[in-house]
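S.K.: Going by the working numbering, the sequence shown opens with residue 172, and the numbers climb by one from there. Every residue gets a Cβ at the ideal spot worked out from N, C-alpha and C, and that includes glycine.
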Amino acid sequence: MNVEKAIGFVEKNGTELEKCRLNYLLGKERDDEIPLRYLRELQNDDGGFPYNNEKGKLSSVNSTSGNLSLIIELGLTTSEVCRKTIKYLLSAQGEDGSWDEDPTINQYNPPFWNMPGDLKTNMWLTASTVNDLTQLGYRKSEAVKKAIQFLLKNRDAEGKFFGFLHSTWLSVGVFGQLEGPNSEFVKKALKVIERNIDRLQDNAGDLAWCLGSFYVAGISREHPLVKKCIERVIKLQADDGAWISGAEDAHPVSTTISVLKVLKMFRIW
172 MNVEKAIGFV EKNGTELEKC RLNYLLGKER DDEIPLRYLR ELQNDDGGFP YNNEKGKLSS
232 VNSTSGNLSL IIELGLTTSE VCRKTIKYLL SAQGEDGSWD EDPTINQYNP PFWNMPGDLK
292 TNMWLTASTV NDLTQLGYRK SEAVKKAIQF LLKNRDAEGK FFGFLHSTWL SVGVFGQLEG
352 PNSEFVKKAL KVIERNIDRL QDNAGDLAWC LGSFYVAGIS REHPLVKKCI ERVIKLQADD
412 GAWISGAEDA HPVSTTISVL KVLKMFRIW
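1) Please state if the CB of N224 and the CB of N238 are separated by a distance shorter than 9 angstroms.
2) Could you tell me which uninterrupted alpha helix (DSSP H) segments, each at least 4 residues in length, are contained entirely in the region 337-392, listed from first to last along the chain?
3) Report the rounded CA-to-CA distance for V181 versus R370, giving the unit in angstroms.
4) Please report the distance separating the alpha-carbon of E251 from that of L245.
5) What are the uninterrupted segments assigned as alpha helix (DSSP H) that are 4 or more residues long and contained completely in the region 187-229, given in chain order?
6) Going by beta carbon distance, what residues of the same chain come within less than 8 angstroms of K291, once the five residues before and after it are set aside?
7) Are there 16 or more other CB atoms within 10 angstroms of the CB of E272, so buried, or fewer, so exposed?
8) Using alpha carbons as the reference points, say which of T275, P274, L260 lies closest to G268.
9) From N277 to Q408, what does the alpha carbon distance come to, in whole angstroms?
10) Which same chain residues end up closer than 6 angstroms to N233 when comparing Cβ atoms and leaving out the 5 residues on each side of it in sequence?
11) Pull up the CB-CB distance for A360 and V404, whole angstroms please, since I reckon it's below 8 angstroms.
12) Cα-Cα, which of Y309, D217, K317 is closest to S231?
13) Once you ignore the five residues that flank R326 on each side, which residues in its own chain have a CB closer than 6 angstroms to its CB?
14) Which residue's Cα is closest to the Cα of W340: T297, G227, Y309?
15) DSSP beta-bridge partners for F283?
16) What separation, rounded to the nearest whole angstrom, lies between the Cα atoms of G344 and W414?
17) By Cβ distance, which residues of its chain are closer than 8 angstroms to E212, with the 5 residues on each side in sequence left out?
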């Protein structure tokens, strides 16, 4: 792994916001107003963030959850932007405890993995949102309690959470925080992921996302599955220092920062 090349790739190709993420990761002096300005200008009046982060579009749970993760990453959790984001997400939760996209986003032709009304979408959006809310101190809230019941209702005997594998690794982050890394929920889910990990063979972004869930769950870097994911993602670094999420990754700088971040979390560099 060549950390210097990766840093150089971000510095050469990154946006102002991406360079801010890098500076935060490297512990350099940074200006919090840069990301806050970006977030304030993008955020809709209802507190959500527009579909695909395109100004003027309707709010999307996926975009909002993604920006909440960015807020957590950059330590902006006491900001007004964060407060409005959380308020939107809490208001968007369904009666069954899940999060789903509003059907109005169908006008944007969402991809198969973010289709409103699809239980697979419900599952990963719910696990992702609860993962963030738990990190922000909402673990005892009614919203989290209801969401947990929804996730467990859609978990099979082997410990797999319904839908995409993302739902299972995000749930590892959730239940690791709530029940501990040695809980039955986590141990069974890890076995499911281990059996299916080859699906992520060439996707550095998904491997980083998966590792991030393992980290917040409190799973050691000595765990065989964590070691396997780390070894695999390191091997995916390109000659220019970047990491990409498959051949059609439109955001290689963001993917590269995400990989650097999670490898630093596990003290690989």
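M.R.: Checking against the coordinates, here is how it stands:
1) yes
2) 355-367, 375-388
3) 27 angstroms
4) 14 angstroms
5) 187-197, 204-213
6) W284, F333, G334, F335, S338
7) buried
8) L260
9) 36 angstroms
10) N285
11) The pair is not a contact, with the Cβ atoms about 20 angstroms apart (cut-off 8 angstroms).
12) D217
13) F332
14) T297
15) BP columns for F283 are empty, so no partner.
16) 23 angstroms
17) K226
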